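J.:
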Amino acid sequence: MSATGRAATLAEALSDGASLEHVLDLVDDAIEGAAADGDSAALAALAEELAVLAERGGEWRRLTIAAARARALARQRGGSPEAGPRPPAPSEQPTPPPHRETPHVVYAGWWRRATAFVIDWIIIGIALGMVASVSVPGLLQALLPLAYFAGFHAFSDGATLGKAMLGIAVRIADGRPVGFGRTLARVVATGVLWATILGGLVDVILAATGDRRQSLHDMIVGTVVVRTRTSSGIA
32 MSATGRAATL AEALSDGASL EHVLDLVDDA IEGAAADGDS AALAALAEEL AVLAERGGEW
92 RRLTIAAARA RALARQRGGS PEAGPRPPAP SEQPTPPPHR ETPHVVYAGW WRRATAFVID
152 WIIIGIALGM VASVSVPGLL QALLPLAYFA GFHAFSDGAT LGKAMLGIAV RIADGRPVGF
212 GRTLARVVAT GVLWATILGG LVDVILAATG DRRQSLHDMI VGTVVVRTRT SSGIA
């Protein structure tokens with residue numbers, strides 16, 4: 032009997048309300064016949080049907096064993112969808128994304144940072160002299176250094192005028208550009224540390240000796256100072 036005929040006989044018995052024992056005999060016959068024919072598709076379909084019938088509960092749960100047997104035979108013949116997805120052919124293999132080199136980061140040395148800092152304060156001194164000549168309130172004059180460092184670091188790719196001249200810039204420790212909130216916190220942290228002589232001393236020492244040349248105020252806010260060009264001879 033063909034697979035279609037066996038399936039029809041099983042379906043007829045089920046529709047007539049045949050006993051479970053009779054259904055099991057028909058199931059065994061269907062499984063053995065499909066296996067002998069090498070019909071993995073029929074075995075897979077039978078396994079699904081038996082699993083549904085087993086959900087009736089009670090004695091019908093015995094069909095679970097038959098369903099597992101049909102499924103196993105279907106796997107052996109390579110046609111069961113539950114045997115796992117077919118591996119893609121070589122032409123279907125996804126193309127791996129191109130390898131991207133991690134950019135090499137060079138941290139700015141102490142002398143380069145110190146030189147940039149001196150240049151920045153020369154510029155700030157000139158600006159303060161110009162502001163004082165037009166009678167700007169003292170509070171605004173005091174805020175000028177804060178605005179200079181926080182503003183340039185946030186809105187000029189992490190570099191003040193001094194840093195830009197020396198080819199260095201401030202970045203977040205993971206390499207991303209800094210935002211205004213972080214640069215403002217960085218300036219405030221620097222001011223607080225330098226207000227205490229010991230804090231300023233530790234700040235300078237760490238910038239000269241740490242692996243990433245992070246000063247203490249860099250560590251506090253999670254920033255680093257990196258080289259953006261390497262042509263200058265200053266370390």
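In the numbering used here, the protein residues as written are 32 to 266. For every residue, glycine included, the Cβ atom is placed at its ideal position computed from N, Cα and C. All values derive from a computational prediction rather than experimental measurement.
(1) DSSP three-state label for residue 208, please.
(2) With 16 as the cutoff for other CB atoms within 10 Å, does residue 211 come out buried or exposed?
(3) Any idea if residue 172 is buried or exposed, counting beta-carbon neighbours within 10 angstroms, 16 or more meaning buried?
(4) Considering residue 99, what are the terminal residues of the alpha helix (DSSP H) in which it resides?
(5) Can you give me the start and stop residues for the beta strand (DSSP E) that residue 254 sits inside?
(6) If you scan the region 162 to 187 from start to end, which runs of the beta strand (DSSP E) of 3 or more residues do you find wholly inside it?
(7) Ordered along the chain, which non-local residues of its own chain (more than five positions away) have a Cβ less than 7 Å from that of residue 255?
(8) Identify, in the order they occur along the chain, each residue of the same chain with its Cβ nearer than 7 Å to the Cβ of residue 220, setting aside the five sequence neighbours on each side.
(9) For residue 82, collect the residues of the same chain with a Cβ closer than 6 Å to its Cβ; drop the 5 residues on either side in sequence, then sort them by chain order.
(10) Where residue 40 and residue 54 are concerned, what is the direct C-alpha to C-alpha distance, given to the nearest angstrom?
(11) Whole angstroms are fine: how far does the CA of residue 168 sit from the CA of residue 174?
(12) Since residue 92 and residue 85 should fall inside the 8 Å C-beta cutoff, what is the C-beta to C-beta distance between them, to a whole number of angstroms?
(13) So residue 192 packs on residue 151, CB below 8 Å; how close in whole Å?
(14) Just the Cα atoms here: how many angstroms apart are residue 267 and residue 178?
(15) Along the chain, where does the alpha helix (DSSP H) that runs through residue 83 open and close?
(16) Tell me, to the nearest whole angstrom, how far the beta carbon of residue 51 is from that of residue 62; I am working on the premise that it is less than 8 Å.
(17) Does the distance from the C-beta atom of residue 267 to that of residue 200 stay below 7 Å?
T.: Per the coordinate set shown:
(1) Residue numbering aside, residue 208 sits at position 177 when the sequence shown is read from its first letter. Three-state result, residue 208: strand.
(2) Position 180 of the sequence shown holds residue 211. By the neighbour-count definition (other C-beta atoms within 10 Å, threshold 16), residue 211 is an exposed residue.
(3) The sequence position of residue 172 within the sequence shown is 141, counting from 1. Counting of Cβ neighbours within 10 angstroms places residue 172 among the exposed residues, the total staying below 16.
(4) The residue labelled residue 99 in the question sits at position 68 within the sequence shown. Per DSSP, residue 99 belongs to the alpha helix (DSSP H) from 94 to 107.
(5) If you number the sequence shown from 1, residue 254 lands on position 223. Segment 254 to 258, the beta strand (DSSP E) holding residue 254.
(6) The qualifying runs do not exist here; there are none.
(7) Indexing the sequence shown from 1 puts residue 255 at position 224. 138, 202, 204, 243, 245, 249, listed in sequence order.
(8) Numbered from its first residue, the sequence shown carries residue 220 at position 189. For residue 220, same chain residues with a beta-carbon under 7 Å away, outside a window of 5 residues either side, are 248, 251, 252 in chain order.
(9) One-based indexing of the sequence shown puts residue 82 at position 51. Hits under 6 Å: 98.
(10) The residue given as residue 40 occupies position 9 in the sequence shown. The residue given as residue 54 occupies position 23 in the sequence shown. Those two C-alpha atoms are separated by around 10 Å.
(11) One-based indexing of the sequence shown puts residue 174 at position 143. One-based indexing of the sequence shown puts residue 168 at position 137. Their Cα atoms are separated by approximately 10 Å.
(12) Position 61 of the sequence shown, counted from the first residue, corresponds to residue 92. Position 54 of the sequence shown, counted from the first residue, corresponds to residue 85. Right, their Cβ atoms sit about 5 Å apart.
(13) In the sequence shown, residue 192 corresponds to position 161, counting from 1. In the sequence shown, residue 151 corresponds to position 120, counting from 1. A Cβ-Cβ separation of about 6 Å places residue 192 in contact with residue 151 under the 8 Å criterion.
(14) Lying outside 32 to 266, the shown extent of the chain, residue 267 is not represented and no answer is given.
(15) As a first step, residue 83 is located in the sequence shown; it is residue number 52 there, counting from the start. Taken as a continuous stretch (DSSP letters only), the alpha helix (DSSP H) holding residue 83 covers 71 to 85.
(16) Start at 1 with the first residue of the sequence shown, and residue 51 comes out as number 20. Start at 1 with the first residue of the sequence shown, and residue 62 comes out as number 31. Contact doesn't hold; Cβ gap of about 16 Å is too wide.
(17) The shown model of the chain, from 32 to 266, leaves out residue 267, and the question about it has no answer.
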